[in-house]
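Numbered by my numbering, the letters in the sequence shown go through residues -11 to 79 in order.
Each residue gets a CB set at the ideal place from its N, CA and C atoms; glycine is no exception.
For clarity, every value in this text was computed on a predicted model and none was experimentally measured.
The next block holds one structure in the form of structure tokens; read it before the comments.
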Amino acid sequence: MAATSQVSDRGQITIDKSLRKRLGVKPGMIAYQRVVEGWKLEIIFLPAPHRRSQFGVFHQEGEPPVTSEEIEGAVRAAVVEKWKRIDEGEA
């Protein structure tokens, strides 16, 4: 599936509705972007930060509870690290 869009004066593009639907893209999701092969743009959509508390879900005895912000940050950091390894040919 392919689609085109025009770059706006502000440098923005709109992702075609059929592509958004196929990929399950929802408002609030994080669009992680990187350039591949010098001129291609690759985008990975990460889930939107949720508003439900994860307080205590990963609690370990004797350790402070992990916050939802820490969980979301760890997920994002893992995605970035994975992409760095891919870029370096290690993945």
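As the crow flies, the alpha-carbon of Pro53 is around 42 Å from that of Arg(-2). Just measuring C-alpha positions, the residue of Gly77, Ile31 and Ile18 sitting nearest Arg64 is Ile18.
The three-state secondary structure of Lys72, taken from DSSP, is helix.
Between Leu34 and Tyr20, the C-beta spacing is below 7 Å.
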